[in-house]
Amino acid sequence: MSNNKLFEPSLVAGALKQAFIKLSPRSMFRNPVMFTVEIGTAIMLIVTAYTFYTKDASQGAPAYNLTVFIILLLTLLFANFAEAIAEARGKAQAESLRKTREETPAKKILAVGEIFMDEVKIVPSSQLRKGDIFICEAGDMIPMDGEIIQGLATIDESAITGESAPVIREAGGDKSSVTGGTKVLSDKIKVRVTTDPGESFLDKMIALVEGASRQKTPNEIALTILLASFTLVFIIVCVTLKPFGDFSHTPITIAAFVSLFVCLIPTTIGGLLSAIGIAGMDRALRANVITKSGKAVETAGDLDTLLLDKTGTITIGNRKATHFWPAYSIGKKEFFEACTLASLADETPEGKSIIELAAEKGIKTSNLNAAGATFIPFTAETRSSGLNLGQLRIRKGAYDAIRNIVTRAGNEFPAETEEKVKEISSNGGTPLVVSQNEMVMGVIELQDIIKPGIRERFERLRRMGVKTVMVTGDNPLTAKFIAEKAGVDDFIAEAKPEDKMIYIRREQEGGKLVAMMGDGTNDAPALAQADVGVAMNSGTQAAKEAGNMVDLDNDPTKLIEIVEIGKQLLMTRGTLTTFSIANDVAKYFAIVPALFVTAIPALQGLNIMHLKSPESAILSAVIFNAIIIPALIPLALRGVSYKPIGASALLRRNLFIYGLGGVIIPFIGIKLIDLFLSLIM
Amino acid sequence: MNSEITGVLVTFFITLLIAFPLGKYIAKVFSGAPTFTDFLSPFERFLYRTCGIDPNKEMNWKQHMVALLTINLVWLIYAFFILLFQAHLPLNPDGNGNMTPDLAFNTSISFLVNCNLQHYSGESGLTYLSQLIVITFLQFVSAASGMAAVAVLFKAFAGKTTGKLGNFFVFFIKTITRLLLPLAVIMAIILAFSGTPASFDGKDTITTLQGDTVQVSRGPAAGMIAIKHLGTNGGGWFGANSAHPLENPGYFTNMVEAIAQCILPMALVFAFGFFINRKKLGYAVFGVMTIGMLTLMIPNMLSELGGNPALAKIGLHDHTAMEGKEVRIGVAASAYWQVMTTIISTGSVNSMHDSSMPLSGAMQLLGMMINCFYGGKGVGLLNYFIFLIIAVFISGLMVGRTPEFMGRKVEAKEMKIAAIIALFHPFLILVGTAIAAYYPQAAWLNNPGHHGFSEMLYEYTSSSANNGSGFEGLGDNNIFWNISTGIVMLLGRFLPIIGPVAIAGILANKKYTPESAGTLQTDTATFGIMTYAVIMIVAALAFFPALTLGPVAEFFQLY
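Here it is as structure tokens:
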């Protein structure tokens with residue numbers, strides 16, 4: 001669903017129009033660097049008109065002044081276009097998500113209806129307000145974001161997540177949220193609307209991308225201050241050059257002053273700065289993460305600690321049966337069958353995995369005759385489940401539960417099975433003991449399956465300087481084993497929701513920035529406390545309100561991507577600033593000799609690029625200055641790629657590419673433009 | 001290798017040999033660790049008691065700055081009035097007159113701010129009393145003020161989050177008792193035994209070989225000349241400064257003086273590393289500063305040693321560029337001094353900078369424009385800190401984190417201060433020069449054209465950098481120059497002290513984030529290159545157009 005083409009033709013047209021609209025001084029004023037360029041452009045317009053009418057040759061030919069004016073105007077338009085195209089892409093992405101929630105009929109429940117109490121009335125979705133209640137049945141499109149207050153349903157969320165497998169959402173739990181535009185596949189739910197139209201996270205995100213309500217992030221402000229101060233320095237340099245020139249009997253044209261100024265101030269980064277910020281949020285959205293502020297993306301780059309839930313993030317869903325260990329004297333096939341029978345009615349993922357494993361061993365459920373069996377469900381008291389089939393009483397449960405059953409019946413618990421149980425526990429697994437007629441049959445080993453590739457991702461995070469912490473309800477022994485196997489740096493075992501909070505606080509007191517992901521209402525305080533709190537879209541409304549990002553995919557590994565998006569954003573800013581400032585070296589050598597060479601011919605020696613004439617030198621510099629902006633738009637939008645090679649190596653790499661490159665490229669570029677100009681002039 | 005170059009290299013390496021252990025010692029003095037000079041503690045305690053100072057009272061950065069500014073204001077008023085009425089005060093054997101108010105304004109500021117720009121000549125402009133209780137006094141206390149300010153920076157990054165940054169008066173007094181006084185005593189003795197006068201007698205009369213009689217000024221000069229270098233002050237006892245045969249009698253004293261002016265600025269860089277327990281950072285900063293020094297030193301040295309092509313053109317066999325240089329010192333040692341005295345903000349001269357080759361003039365100007373390759377003691381490191389913060393900001397972003405230095409986030413407020421300070425120096429220099437250049441062609445220029453322009457540019461650069469050397473040839477003892485450079489000197493001194501100290505104080509108070517693999521390392525060669533590039537592009541290139549109209553134009557016209 002995400003479109004990665006940078007310049008979608010439909011967007012470009014709109015962005016071009018926006019580029020002109022953004023010329024309004026009121027919107028330019030937000031960007032001090034480009035605002036001064038606009039003033040320079042206005043001055044050049046006046047100078048052009050002046051030279052046309054008065055034919056005053058001391059300010060250069062009218063055509064020359066006009067050319068400078070046009071190039072400066074283009075510089076502004078290019079910068080505006082960069083911002084506009086970034087906005088357009090972000091909006092397009094958000095719109096494509098919003099499109100899923102067009103007008104749909106909603107079955108609104110009126111507490112006091114026209115005829116009945118709790119009457120159902122069909123209204124357009126746009127008329128639903130926060131607090132309204134509607135119902136959805138199989139086949140209905142959910143009209144608005146909301147929280148299930150009654151019932152359970154399978155829902156197709158593929159319109160948002162792109163994931164085709166349906167998900168279950170139910171009232172009361174941590175998965176009670178439904179999103180407008182998704183479709184109910186089965187059952188019936190009662191939903192309370194949680195947002196007014198135009199106030200959903202997506203709406204807020206769109207507003208964030210649009211110019212008007214976009215707030216500058218703290219780092220953006222600091223960088224703007226730095227760029228504004230560079231601009232101020234060059235205002236001083238250019239203004240004082242007038243008396244200096246007069247003193248040295250060196251007349252300098254207004255066009256030359258303005259060109260020198262525009263070339264020296266950091267227009268490249270100044271023109272691309274807001275595009276970079278918007279593109280950061282846009283990249284987050286492409287990863288199906290809605291950010292509630294630009295600051296959150298920025299903070300993500302700084303994260304020191306990630307709190308990750310074990311289940312779903314580090315391990316695949318739930319435990320799986322990995323081994324059958326029959327007791328001494330029990331036949332394998334007999335034991336496998338007992339295991340299968342004990343799990344027939346077990347709907348838990350663990351139970352299913354036992355049947356799957358048995359099937360791999362050649363036990364087919366269809367071959368087992370379970371007719372007339374009474375299933376014994378799991379209860380908290382017995383802590384075991386199973387079935388009674390004629391004379392057979394098969395039970396499966398925790399070690400101590402089965403041990404109770406066995407010993408109470410006067411039978412012995414085999415020593416080697418006990419050994420096995422301990423061995424499995426110490427390997428991070430969970431043993432399930434199976435008994436038949438109060439005799440131990442053997443042990444089933446359940447293991448957490450660590451996601452493939454997760455160890456490498458943690459390694460990558462470690463090289464970025466990010467510490468990973470696994471949060472699990474398991475006992476410390478199991479937790480430690482899994483933590484080591486998955487390669488996380490720390491773990492919180494037997495975690496209660498407040499443990500996360502305590503851990504986050506402790507890390508923050510040590511000056512660290514912490515991120516976590518959560519979905520439950522009891523995660524909400526920790527989500528709010530964390531520097532970056534990512535709520536799952538399926539989570540409760542409280543969780544979504546508390547966090548500063550919402551992940552539409554409900555994918556717990558998303559945190560890792562978010563960190564990289566944040567780092568990319570900051571790096572893009574840094575590298576383009578470096579590039580922009582480094583460009584000044586060449587521009588000085590192009591323009592300064594051009595300013596003075598007519599009056600002081602000896603200064604030809606400073607013209608190390610051998611540019612043809614003062615006019616061509618100045619034009620080449622401003623043309624280079626203008627075209628570098630569109631040339632760098634793709635980089636600004638895509639972001640500089642992040643490589644976890646350590647901070648020093650990264651700095652060396654970027655300094656080499658963007659610093660040294662920034663010094664050399666304009667020398668080549670300006671010389672080439674000058675050669676071209678000398679051909680056509 | 002020729003002996004002149006060897007002499008320069010030996011001078012530099014002796015400086016290093018002294019500066020390194022001195023740095024260790026300074027770190028100990030500032031941190032209060034035991035040192036071999038602890039026998040001075042009773043004397044210091046006596047001073048604290050007499051002045052009502054509680055040495056254990058910790059100050060935050062604002063209290064530090066209030067203390068510094070208050071005491072400086074007192075000294076300014078004191079110095080101004082003594083200079084104004086010096087003729088009527090004792091110790092005036094030569095019968096020198098009072099200073100005019102504008103000259104007294106300029107001179108009192110000049111010495112208060114460690115600039116030592118002199119719009120007078122010591123022989124006739126000052127009395128012995130003024131030389132001692134105004135000039136020499138201020139040379140001690142202004143040096144100690146700068147050192148006490150940089151101690152706040154040390155304190156700010158030594159530990160974790162803190163608002164307590166030591167006591168200004170303790171840093172100040174210890175700098176004098178433990179560093180400046182002992183070193184100055186040793187150096188004054190060396191100078192006195194090498195021929196520098198140390199006498200309260202008035203002018204002496206000698207008969208030359210030709211039979212003429214000449215009046216020779218003298219005075220208790222040796223002590224003042226010692227602190228003038230140790231404190232990177234630079235104001236000479238005599239008008240000709242260290243080119244004067246009594247102020248700098250021979251090659252040996254020239255070496256001693258060249259070493260003396262460099263040891264404290266260099267030692268402070270090492271001291272910073274030792275104090276905050278990051279020796280590597282100290283070495284990295286020193287490395288960048290040394291490369292910066294060489295960037296200016298090599299062209300300066302080569303252009304001076306290369307001789308003057310104008311002399312070659314008129315057919316002279318020996319075209320060594322000896323104009324304005326002393327035969328006893330020679331070209332290389334003069335060139336070495338020219339660069340050191342400008343980058344280190346001493347401003348004393350052993351040759352006339354006005355007469356140096358155009359490229360050398362440009363290097364000397366650049367040294368002061370950059371003003372942080374070693375820099376004045378204390379303030380040089382503070383200036384460097386500003387560029388370091390800017391470099392940290394840009395490189396921090398380049399490694400994908402919001403910028404941080406020593407575990408503290410650098411945010412908008414710090415950037416604002418750093419930006420203002422970084423642009424303030426070019427502002428003062430360029431605006432000052434612009435006003436002077438705009439003035440109807442006044443009578444103060446002896447050289448029109450590019451050289452005249454360089455002279456004006458040099459005067460404001462020297463004032464703003466608190467350097468104090470002059471491209472003489474400018475008639476500067478008049479109301480315009482006295483007042484305008486006085487104001488520039490004041491602003492150029494205190495804002496660049498308050499700014500960095502404020503940043504350090506604010507950062508010290510911030511949450512400390514421990515380092516991780518993703519944290520920018522500031523003690524690496526790569527970061528050093530980054531800082532160097534920031535300094536060259538931001539600080540030096542802003543002056544490129546101005547330099548082009550001055551020394552660069554002269555250079556291309558000459559060659």
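In order, the protein sequence lines correspond to chains A and B.
Sequential numbering from 1 applies to the first sequence in the UniProt record's numbering.
Sequential numbering from 1 applies to the second sequence in the UniProt record's numbering.
Backbone N, C-alpha and C define an ideal beta-carbon position, used for all residues, glycine too.
Note that the structure is predicted; figures quoted are calculated from it, not measured.
Check: Using the C-alpha atoms, what's the distance from L651 of chain A back to T320 of chain B?
Finding: Along the second sequence, read from residue 1 onward, the residue named residue 320 of chain B stands at position 320. Along the first sequence, read from residue 1 onward, the residue named residue 651 of chain A stands at position 651. In a straight line, the C-alpha of T320 of chain B is about 46 Å away from that of L651 of chain A.
Notebook entry, point to check: So, using beta-carbon positions, are G199 of chain A and T179 of chain A closer together than 8 Å?
Noted result: The residue you call residue 199 of chain A lines up with position 199 of the first sequence. The residue you call residue 179 of chain A lines up with position 179 of the first sequence. The sequence shown places Glu at residue 199 of chain A, rather than the Gly named in the question. Cβ distance not < 8 Å, so E199 of chain A and T179 of chain A don't count as in contact.
Notebook entry, point to check: Do the segment 87 to 98 of chain A and the segment 3 to 14 of chain A meet, that is, are 3 or more Cβ pairs less than 8 Å apart?
Noted result: yes
Next item on the list: Determine the chain B residues that contact R463 of chain A at a beta-carbon separation under 7 Å, and present them in chain order.
Entry: Looking up residue 463 of chain A in the first sequence gives position 463. Chain B residues near R463 of chain A: A517.
Item checked: Separation of L461 of chain A from F373 of chain B, as counted between CA atoms -> Taking the first residue of the second sequence as 1, we reach residue 373 of chain B at position 373. Taking the first residue of the first sequence as 1, we reach residue 461 of chain A at position 461. Their Cα atoms are separated by approximately 39 Å.
Check: When you check each C-beta in the segment 527 to 545 of chain B against every C-beta of chain A, which residues fall closer than 9 Å?
Finding: F527, I529, M530, A533, V534, M536, I537, V538, L541, A542, F543, F544 and P545
Note to self: Below 8 Å on the Cβ atoms is my contact criterion, and I expect V532 of chain A with N554 of chain A to pass it. Report the Cβ-Cβ distance as a whole number of Å.
What the structure shows: What you label residue 532 of chain A is simply residue 532 of the first sequence in a count that begins at 1. What you label residue 554 of chain A is simply residue 554 of the first sequence in a count that begins at 1. Contact doesn't hold; Cβ gap of about 17 Å is too wide.
Next item on the list: Using 10 angstroms around the beta-carbon of R506 of chain A, count the other beta-carbons present and answer buried if the total reaches 16, otherwise exposed.
Entry: Your numbering for residue 506 of chain A matches position 506 in the first sequence. Exposed is the call here.
Checklist line | Rounded separation between L382 of chain B and T196 of chain B - CA only | finding: As a first step, residue 382 of chain B must be located in the second sequence, where it is residue number 382. As a first step, residue 196 of chain B must be located in the second sequence, where it is residue number 196. Looking at the two C-alpha atoms, the distance is approximately 34 Å.
Item checked: Selected residue, minimal CA-CA separation from I394 of chain A, among A:D400, A:G410, A:I628 and A:F375 -> Against the first sequence, residue 394 of chain A aligns to sequence position 394. It is A:F375 whose Cα lies nearest to the Cα of I394 of chain A.
Next item on the list: Output the boundary residues of the beta strand (DSSP E) element that contains G661 of chain A.
Entry: Position 661 of the first sequence, counted from the start, is the residue given in the question as residue 661 of chain A. No beta strand (DSSP E) contains G661 of chain A, which is instead part of the alpha helix (DSSP H) from G661 to I680.
Check: How long is the line joining the alpha carbons of P666 of chain A and Q59 of chain A, rounded to whole angstroms?
Finding: Counted from its first residue, the first sequence places residue 666 of chain A at position 666. Counted from its first residue, the first sequence places residue 59 of chain A at position 59. Each residue's alpha carbon lies about 27 Å from the other.
Note to self: Runs of 3 residues minimum, wholly inside the segment 219 to 271 of chain B: which ones carry the beta strand (DSSP E) assignment?
What the structure shows: none
Note to self: Quick check on DSSP: helix, strand or coil for K612 of chain A?
What the structure shows: If you number the first sequence from 1, residue 612 of chain A lands on position 612. Correct three-state label for K612 of chain A: coil.
Note to self: Quick check: is the beta carbon of L9 of chain B nearer than 8 Å to any beta carbon in chain A?
What the structure shows: Taking the first residue of the second sequence as position 1, residue 9 of chain B is located at position 9. It does not; no Cβ of chain A falls within 8 Å.
Check: Measuring CB to CB, does N522 of chain A end up less than 8 Å from P497 of chain A?
Finding: Position 522 of the first sequence, counted from the first residue, corresponds to residue 522 of chain A. Position 497 of the first sequence, counted from the first residue, corresponds to residue 497 of chain A. Their beta carbons are under 8 Å apart, which means N522 of chain A touches P497 of chain A by this criterion.
Margin query: I need the DSSP call for T175 of chain B, collapsed to helix, strand or coil.
Written below: Taking the first residue of the second sequence as position 1, residue 175 of chain B is located at position 175. Helix.
Check: DSSP state of F405 of chain B, grouped into three classes?
Finding: Here residue 405 of chain B refers to the residue found at position 405 when the second sequence is read from its first residue. Residue state, collapsed to three classes: strand.
Next item on the list: For E247 of chain B, go through chain A and note every residue whose CB falls closer than 8 Å to its CB, in chain order.
Entry: The residue given as residue 247 of chain B occupies position 247 in the second sequence. Ordered by position in chain A, no residue passes the 8 Å Cβ test against E247 of chain B, which lies about 35 Å from the chain.
Note to self: I'd like to check one pair, M406 of chain B with T433 of chain B: are the Cβ atoms closer than 8 Å?
What the structure shows: The residue labelled residue 433 of chain B in the question sits at position 433 within the second sequence. The residue labelled residue 406 of chain B in the question sits at position 406 within the second sequence. For T433 of chain B and M406 of chain B, no; Cβs fall outside 8 Å.
Notebook entry, point to check: Counting only beta-carbon atoms, is G90 of chain A nearer than 8 Å to chain B?
Noted result: Position 90 of the first sequence, counted from the first residue, corresponds to residue 90 of chain A. No, G90 of chain A lies away from the interface with chain B (no Cβ there is under 8 Å from its Cβ).
Item checked: Residue-chain proximity (H451 of chain B, chain A), Cβ-Cβ < 8 Å -> Here residue 451 of chain B refers to the residue found at position 451 when the second sequence is read from its first residue. Closer than 8 Å: no.
Notebook entry, point to check: Residues of chain B with a CB under 7 Å from the CB of Y588 of chain A: which are they?
Noted result: The sequence position of residue 588 of chain A within the first sequence is 588, counting from 1. Those within 7 Å of Y588 of chain A in chain B are L541 and F544.
Check: Assuming I122 of chain A and P105 of chain A make a contact with CB atoms under 8 Å, what is their CB distance in whole Å?
Finding: Counting from one through the first sequence, the residue named residue 122 of chain A turns up at place 122. Counting from one through the first sequence, the residue named residue 105 of chain A turns up at place 105. Confirmed, about 5 Å.
Next item on the list: Look at N300 of chain B and A260 of chain B and say whether their C-beta atoms are less than 8 Å apart.
Entry: Walking along the second sequence from the start, residue 300 of chain B turns up at place 300. Walking along the second sequence from the start, residue 260 of chain B turns up at place 260. It is not a contact, given that the beta carbons lie outside the stated cut-off.
Check: What are the boundary residues of the beta strand (DSSP E) that V10 of chain B is part of?
Finding: What you label residue 10 of chain B is simply residue 10 of the second sequence in a count that begins at 1. Unbroken run through V10 of chain B is the alpha helix (DSSP H), S3 to S31; no beta strand (DSSP E).
Check: Taking the alpha carbon of L388 of chain B as the point to measure from, which residue in B:L9, B:V534 and B:A79 has its own alpha carbon closest?
Finding: Position 388 of the second sequence, counting from 1, holds the residue named residue 388 of chain B. Per the Cα distances, B:V534.
Check: Taking just the CA atoms, how far does S24 of chain A sit from M363 of chain B?
Finding: Locating residue 363 of chain B in the second sequence gives position 363, counting from the first residue. Locating residue 24 of chain A in the first sequence gives position 24, counting from the first residue. The alpha-carbon atoms of M363 of chain B and S24 of chain A are separated by roughly 45 Å.
Item checked: Where the segment 551 to 584 of chain A meets chain B: residues whose CB sits under 8 Å from a CB there -> G566, K567, Q568, L570, M571, R573, G574, T575, T577, T578, I581, A582 and D584
Notebook entry, point to check: Quick one: what does DSSP say H450 of chain B is sitting in, helix, strand or coil?
Noted result: By 1-based counting over the second sequence, the position of residue 450 of chain B is 450. Looking at H450 of chain B - three-state DSSP - the assignment turns out to be helix.
Notebook entry, point to check: Cβ of I450 of chain A within 8 Å of Cβ of A486 of chain A?
Noted result: Residue numbering aside, residue 450 of chain A sits at position 450 when the first sequence is read from its first letter. Residue numbering aside, residue 486 of chain A sits at position 486 when the first sequence is read from its first letter. In this structure, A486 of chain A lies closer than 8 Å to I450 of chain A by Cβ.
Next item on the list: Can you give me, in chain order, the residues of the segment 614 to 626 of chain A that have a beta carbon less than 7 Å from any beta carbon in chain B?
Entry: none
Item checked: Cut-off 7 Å between Cβ atoms - residues of its own chain near K320 of chain A, not counting five sequence neighbours on either side -> Within the first sequence, residue 320 of chain A is the residue found at index 320, counting from 1. So the qualifying residues of the chain are S353, L446, Q447 and I449.
Check: Distance, Cα to Cα, I276 of chain B vs P182 of chain B?
Finding: The count along the second sequence starts at 1 and reaches residue 276 of chain B at position 276. The count along the second sequence starts at 1 and reaches residue 182 of chain B at position 182. Each residue's Cα considered, the two are about 25 Å apart.
Note to self: Does any residue of chain A have a CB that is nearer than 8 Å to the CB of A284 of chain B?
What the structure shows: For the purposes of this step, residue 284 of chain B is taken as the residue at position 284 of the second sequence. So, not an interface residue.
Note to self: By alpha-carbon positions, which one of A:K643, A:I627 and A:A138 ends up nearest to residue 689 of chain A?
What the structure shows: Given a span of 1 to 681 for chain A in the structure shown, any question on residue 689 of chain A remains unanswerable.
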